[in-house]
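**Student:** First residue of the sequence shown? That's 1 in the numbering used here, and the numbers climb one at a time after it.
Built from N, CA and C at the ideal position, the CB exists for glycine as well.
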Amino acid sequence: MLSAPYYPQPGQYQQQYAPPPQPPPGMNPMQPPPQGYAPPPTDWQGQGYPSQPVQPMGAGQYAPCPGCQRPDPEKMNFTWWGGMIGPRMLSHVKCRWCGMQYNGKTGQSNTTGIIIYSVVIFVIAILIGLGVFLSKS
Numbered sequence: 001m002l003s004a005p006y007y008p009q010p011g012q013y014q015q016q017y018a019p020p021p022q023p024p025p026g027m028n029p030m031q032p033p034p035q036g037y038a039p040p041p042t043d044w045q046g047q048g049y050p051s052q053p054v055q056p057m058g059a060g061q062y063a064p065c066p067g068c069q070r071p072d073p074e075k076m077n078f079t080w081w082g083g084m085i086g087p088r089m090l091s092h093v094k095c096r097w098c099g100m101q102y103n104g105k106t107g108q109s110n111t112t113g114i115i116i117y118s119v120v121i122f123v124i125a126i127l128i129g130l131g132v133f134l135s136k137s
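(1) For Lys94, which option in Gly107, Gly83, Met84 has the closest C-alpha, if you only look at C-alpha atoms?
(2) Beta-carbon within less than 8 Å of Cys98's beta-carbon, same chain only, minus the 5 sequence neighbours each way: which residues are those?
(3) Do the CB positions of Pro87 and Met76 come within less than 9 Å of each other?
(4) In this structure, what does DSSP give as the bridge partners for Val93?
(5) From this set, Ala125, Leu90, Gly60, Lys136, which residue's C-alpha is nearest Thr111's C-alpha?
(6) In angstroms, rounded to a whole number, what distance separates the CA positions of Val123 and Lys136?
(7) For Gly83, which beta-bridge partners are listed by DSSP?
(8) Can you grab the Cα-Cα spacing for the pair Ala125 / Ile115, in whole Å?
(9) Can the beta-carbon of Ser109 be found less than 9 Å from the beta-carbon of Tyr102?
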């Protein structure tokens with residue numbers, strides 16, 4: 001237990017603080033003062049830069065997503081069915097929002113193009129393999 005000398009007497013070690021400042025006349029003390037900067041004038045374009053045109057929906061390089069209508073899909077650089085060449089040949093893109101994959105030029109499914117591409121690549125691979133096999137005989 002602590003003895004009495006360790007406890008200060010009331011008011012002995014306490015600092016005396018000034019009362020908080022009062023808000024200026026006309027301000028509501030319950031609302032915080034406005035912060036930040038005032039908005040720029042309506043005719044301001046910013047340090048001489050030309051104004052940037054606003055692009056409408058779907059005005060990007062590719063067609064908007066047929067599933068969610070988002071305008072900015074991601075270009076596919078590699079897929080399991082086409083490697084690096086297939087997606088470039090078919091303009092294959094993927095929606096950044098819903099993940100749907102489709103033809104970026106038409107906005108349609110690439111399923112038919114993928115099947116045709118895969119069959120052609122398979123036939124070419126068989127012909128090359130057959131040519132290598134027959135050349136060794």
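**Tutor:** Let's see:
(1) Taking the first residue of the sequence shown as 1, we reach residue 94 at position 94. Residue Gly107 is the option with its Cα nearest to Lys94.
(2) Here residue 98 refers to the residue found at position 98 when the sequence shown is read from its first residue. Here the set comprises Cys65, Gly67, Cys68, Arg70.
(3) For the purposes of this step, residue 87 is taken as residue 87 along the sequence shown, with counting starting at 1. For the purposes of this step, residue 76 is taken as residue 76 along the sequence shown, with counting starting at 1. In this structure, Met76 lies closer than 9 Å to Pro87 by Cβ.
(4) Walking along the sequence shown from the start, residue 93 turns up at place 93. According to DSSP, which records beta bridges pairwise, Val93 is partnered with Lys75, Tyr102.
(5) As a working mapping, residue 111 is identified with position 111 in the sequence shown. Here the closest residue by C-alpha is Leu90.
(6) Here residue 123 refers to the residue found at position 123 of the sequence shown. Here residue 136 refers to the residue found at position 136 of the sequence shown. For Val123 and Lys136, the distance between alpha carbons rounds to 20 Å.
(7) Here residue 83 refers to the residue found at position 83 when the sequence shown is read from its first residue. Looking at the DSSP assignment, Gly83 forms a beta bridge with Thr79.
(8) Here residue 125 is taken as the residue at index 125 of the sequence shown, counted from 1. Here residue 115 is taken as the residue at index 115 of the sequence shown, counted from 1. If you take the alpha carbons of Ala125 and Ile115, they lie about 15 Å apart.
(9) Sequence index remark: in the sequence shown, residue 109 carries index 109 (1-based). Sequence index remark: in the sequence shown, residue 102 carries index 102 (1-based). Yes; because the gap between Cβ atoms is below 9 Å, this pair is in contact.
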